[in-house]
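Peer 1:
Residue numbers (full-length UniProt numbering), protein chains in the order written: chain A, 1 to 410; chain B, 1 to 410.
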């Protein structure tokens, strides 16, 4: 059986709070809580919340899930909290955007999609899914005022996200303060022992949540704040859908494999660490192999892509994705895989229009740039004329966009 | 019949907003609103709100009531809004103070007491009393968030009350921001044309109320912000119960009369202006009389005290108060009025304890200071020994505290 100190080492790994003293305190509190729970013969209640307004999770979200999984593996109770309340009320700053407010059915559908993605990492048997509109929608103005009385405006303005805007005079809408209160109340409603979140949740979890729990007579939760965030496919910016550098969990295996293959070599160690959970020793070996040339970066990345794809798409999905990759980039022939989609061409048509009709490029501008960069090939030859046309007489022909998009015209 | 411009002159008199342009704007808006209401054959809906947590109003509160009365006299509809919601939720900053939260019955009793005081100035026939818990207690967290999304934190921090505290680093509790939102929502719920308030309401009425009304599709109310506030009996600080310089409306006629007599001579003009509603011409005459010696300050003050007392206690109350004043301060004899309360003394007792048991002094410290300042007399003689006792053998005796408190010991 795992000792409490062994649990502690695993559970605190990767947590960071901006200062070492807070980490010490959190470790001490978690230790005490583990001892207490063991005495009482109960598991800890651990949760993390996820915003269901954009239902497609990406690899960056899995860092907190992996932490939740560690708690599960030690027998603790995990609550996967879907932040349905915000979806139901919408973002009131978007005045014109009625669609920002979801119906109960849409919210429930998103919650299900969400959970399906999360269960690639979490153990469904040991996970409870909760939705925070259950308790937040019943609160009255008076309840909100009582909650708010535990906080000063100044405390909120210390939050990095707000203080930066305040310093440059950018507007902070009053209701934005409420998101921290909501999250704080989630902790109260769930009577949690531990909350897990990313660095952007530091204030909500460590300050707001703990303070409100204390004010309401509960023992304040232990905050596990993940220190590192996953860079996107560009290797530098934090992965996010809005930055366009994300790797979605629910895409095709081939897409996930290819996107992992596209990360810069120097991002490999952090992907191994945060997504595969590699420990310091393994990471050191990886870095050593890469630097002394005993490990080829491409080989390492291929193994990484395969392992990550396997988590979300299983052995078969990963195998198929890798085979396709091999076909495209390692074949001695024309580099064109066999199983590409076909399309009919019945009259003379510009290559631009063919690709646009197939949604393989989104605009004439994008197409032109691709041509300039040598990104469009017809039968493996780069084209340099953006006005080029194809006629039925040229068929069959294979048009390739970038490295991985193909169509066979017949 | 009064013309709209005549109404405007009266209704805008005494209003001030910190800058002349806003006053011009408000005057123009009020003019437009008066014309519009006349066309539609309806009165304007005008309101002011009063906090019922401390049910004793004082003279300072009557300035806004006098303004409401002016609207009534022109035929407009006045709503006397009792801020019951805050009483029902209590002030959440006072953690330990359960008593700060009132029951529905207490709130209703305060509201009645409040109205009784207000009706010394307002016409009860033309006044509707409303209580804001009716609409505020039904709001949900989602409603509050939508309301709050119309405001930025920075807008709230421009409010004088907050900006000063912010500048010196004094805490501003988050729920304090809500008081402006509540008041803003009152205006929405009442669909008001005009709201009247003091300078401390400038932000709540002119910024928050108008903005929320606009956001909710209503025409923003005209703000009538009274420029001057009444100084207390010290003649310098704004009248307030907490400063201890207030003249309560519901005390004895004698107490009101005496307290007005205690104001410094140079506070007389503003009392005439704000409480009796004297116009510039009359005020100039008063000041002239006082400065050229043709009017004795004491005589002027006596007339002021009598007129103010008459408003709240009628002709008879004012008459009785004045007679008593004359007896005490003008009698050639011992200066002790006839109709003072009696109390029995059956054993030797310190003067301090006698007065403390009768609630005529509140502490030994206060008593000592009074003795030092010659404020305690026994049978018209100042005493200088704070330990002095009286025995049944000394009776009957009259003990006097300050100028106006007496007890006859028998």
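The beta-carbon is built from N, C-alpha and C at its ideal position, and this holds for glycine as well. Quick caveat: nothing in here was measured; it's all calculated off a predicted structure.
Determine the closest residue to residue 382 of chain B out of B/393, B/398 and B/391, with distance taken between C-alpha atoms.
Peer 2: Nearest C-alpha to residue 382 of chain B: B/398.
Peer 1: Going by alpha carbons, who is nearest to residue 68 of chain A out of A/214, A/26 and A/194?
Peer 2: Considering only alpha carbons, the answer is A/194.
Peer 1: Output the boundary residues of the alpha helix (DSSP H) element that contains residue 89 of chain B.
Peer 2: Run containing residue 89 of chain B: 84-89, per the alpha helix (DSSP H) assignment.
Peer 1: List the endpoints of the continuous alpha helix (DSSP H) containing residue 367 of chain A.
Peer 2: Residues 364-372.
Peer 1: So what does DSSP say about residue 131 of chain B, is it helix, strand or coil?
Peer 2: It is a strand residue.
Peer 1: When you compare the CB of residue 142 of chain A with every CB in chain B, is at least one pair closer than 8 Å?
Peer 2: Interface residue, yes.
Peer 1: Would you say residue 231 of chain B reaches chain A, if we count a Cβ-Cβ gap shorter than 8 Å as a contact?
Peer 2: Chain A, which has no Cβ nearer than 8 Å to the Cβ of residue 231 of chain B, makes this no.
Peer 1: Ends of the alpha helix (DSSP H) at residue 116 of chain B?
Peer 2: From DSSP, the alpha helix (DSSP H) with residue 116 of chain B extends over 104-118.
Peer 1: Which residue from A/33, A/208 and A/314 puts its Cα closest to that of residue 250 of chain A?
Peer 2: Closest by alpha carbon: A/314.
Peer 1: Pop quiz: residue 174 of chain B and residue 152 of chain A are said to be a contact at Cβ under 8 Å. What is the actual Cβ separation, rounded to whole angstroms?
Peer 2: Confirmed, Cβ separation roughly 7 Å.
Peer 1: Flag this pair as yes or no: are the beta carbons of residue 233 of chain B and residue 262 of chain B separated by less than 8 Å?
Peer 2: Yes, they are a contact pair.
Peer 1: Against residue 148 of chain A, what residues of chain B qualify as contacts under a CB-to-CB distance less than 9 Å, listed in chain order?
Peer 2: Chain B residues near residue 148 of chain A: 92, 173, 174, 175, 176, 177 and 178.
Peer 1: What three-state label does DSSP hand residue 342 of chain A in the structure shown?
Peer 2: DSSP places residue 342 of chain A in strand when its eight states are reduced to three.
Peer 1: Since residue 70 of chain B is in the alpha helix (DSSP H), which residue starts that stretch and which ends it?
Peer 2: Counting along the chain, the alpha helix (DSSP H) containing residue 70 of chain B begins and ends at 62-73.
Peer 1: Hey, would you say residue 407 of chain A sits closer than 8 Å to residue 363 of chain A, going by beta carbons?
Peer 2: It is not a contact, given that the beta carbons lie outside the stated cut-off.
Peer 1: If you draw a straight line from the alpha carbon of residue 400 of chain A to that of residue 197 of chain A, how long is it in whole angstroms?
Peer 2: The straight-line gap from Cα to Cα measures roughly 42 Å.
Peer 1: Taking the beta carbon of residue 86 of chain B as the centre, do at least 16 other beta carbons fall within 10 Å, making it buried, or is it exposed?
Peer 2: It is buried - the Cβ of residue 86 of chain B has at least 16 other Cβ atoms within 10 Å.
Peer 1: When you compare the CB of residue 414 of chain A with every CB in chain B, is at least one pair closer than 8 Å?
Peer 2: Since the first residue of chain A shown is 1 and the last is 410, residue 414 of chain A is not available in this structure.
Peer 1: State the Cα-Cα distance for the pair residue 16 of chain A and residue 192 of chain A, rounded to the nearest angstrom.
Peer 2: Each residue's Cα considered, the two are about 20 Å apart.
Peer 1: By the 10 Å Cβ neighbour count, where 16 or more other Cβ atoms means buried, how is residue 138 of chain A classified, buried or exposed?
Peer 2: So residue 138 of chain A counts as exposed.
Peer 1: Please list, in chain order, the chain B residues whose beta carbon lies closer than 8 Å to that of residue 139 of chain A.
Peer 2: By Cβ distance, chain B contributes 140 and 141.
Peer 1: Are the beta-carbon atoms belonging to residue 410 of chain B and residue 390 of chain B less than 8 Å from one another?
Peer 2: Not closer than 8 Å, so no.
Peer 1: Quick check: what's the CA-CA separation for residue 311 of chain B versus residue 254 of chain B?
Peer 2: Roughly 13 Å separates the two Cα atoms.
Peer 1: Cβ of residue 406 of chain B less than 8 Å from any chain A Cβ?
Peer 2: Chain A, which has no Cβ nearer than 8 Å to the Cβ of residue 406 of chain B, makes this no.
Peer 1: List the DSSP bridge partners of residue 58 of chain B.
Peer 2: DSSP output for residue 58 of chain B lists B/248 as bridge partner(s).
Peer 1: Could you check whether the segment 116-134 of chain A touches the segment 49-67 of chain A, counting it as contact only if at least three pairs of C-beta atoms, one from each stretch, sit closer than 8 Å?
Peer 2: Short answer: they touch.
Peer 1: Quick one: does residue 107 of chain B have its CB under 8 Å from some CB of chain A?
Peer 2: With 8 Å as the cut-off, residue 107 of chain B does not count as an interface residue toward chain A.
Peer 1: Starting from residue 376 of chain A, trace the beta strand (DSSP E) both ways and give me its first and last residue.
Peer 2: Segment 376-378, the beta strand (DSSP E) holding residue 376 of chain A.
Peer 1: Would you say residue 146 of chain A and residue 84 of chain A are within 8 Å of each other, going by their C-beta atoms?
Peer 2: It is not a contact, given that the beta carbons lie outside the stated cut-off.
Peer 1: In this structure, does DSSP put residue 159 of chain B in helix, strand or coil?
Peer 2: Residue state, collapsed to three classes: coil.
Peer 1: At least one CB of chain B closer than 8 Å to the CB of residue 89 of chain A: is that the case?
Peer 2: It does: the Cβ of residue 89 of chain A has a partner Cβ on chain B nearer than 8 Å.
Peer 1: Given a cut-off of 8 Å on the beta-carbon distance, is the pair residue 149 of chain A and residue 157 of chain A in contact?
Peer 2: No. Outside cutoff.
Peer 1: Three-state secondary structure (DSSP) at residue 235 of chain A?
Peer 2: If DSSP states are grouped into helix, strand and coil, residue 235 of chain A belongs with coil.
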